[in-house]
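Note sheet for the following structure.
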Amino acid sequence: MTPQQECMEILKQEGINPASTVDYEINGEETSLTLEYIIDTYMLASEESQLVFLTAMKKSLEANTIGIEKFFEGMGQLLLMSHLSEKFES
681 MTPQQECMEI LKQEGINPAS TVDYEINGEE TSLTLEYIID TYMLASEESQ LVFLTAMKKS
741 LEANTIGIEK FFEGMGQLLL MSHLSEKFES
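Take 681 as the starting number for the sequence shown in the working numbering and just add one per residue.
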């Protein structure tokens with residue numbers, strides 16, 4: 681099983697819909713990312729990074745349901761910050 685498949689399986693086992701969204705406000709505009717998008721984007725990284733993401737996701741589950749919510753909030757925030765910094769560098 682690939683790290684991506686394992687992430688999706690964890691969501692399924694926890695009864696969490698991959699289409700669930702995390703909402704962010706950026707410059708007064710609301711932006712939403714689905715959990716599936718967050719996972720898919722991190723799975724584009726190196727194999728080592730994929731395993732780090734998966735391990736961190738598993739650890740967040742040990743913290744409880746709030747842990748997984750905070751995990752995806754933080755991961756989505758990192759994606760958005762990376763995207764914004766790329767815009768400023770252009």
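Here a beta-carbon is modelled for each residue, glycine too, at the ideal position from N, C-alpha and C.
Measuring alpha carbon to alpha carbon, tell me which of S712, L731, E716 and L741 ends up nearest Q757.
Here residue 757 refers to the residue found at position 77 when the sequence shown is read from its first residue. Cα-wise, what sits closest to Q757 is S712.
What are the partner residues of D703, as DSSP defines its beta bridges?
Position 23 of the sequence shown, counting from 1, holds the residue named residue 703. DSSP lists S712 as partners of D703.
Is M723 helix, strand or coil when you go by DSSP?
Along the sequence shown, read from residue 1 onward, the residue named residue 723 stands at position 43. Three-state result, M723: coil.
Range of the contiguous alpha helix (DSSP H) that encloses I690
Counted from its first residue, the sequence shown places residue 690 at position 10. Note, I690: alpha helix (DSSP H), P683 to Q693.
Look at Q684 and M723 and say whether their C-beta atoms are less than 8 Å apart.
Position 4 of the sequence shown, counted from the first residue, corresponds to residue 684. Position 43 of the sequence shown, counted from the first residue, corresponds to residue 723. The answer is yes: Cβ separation under 8 Å.
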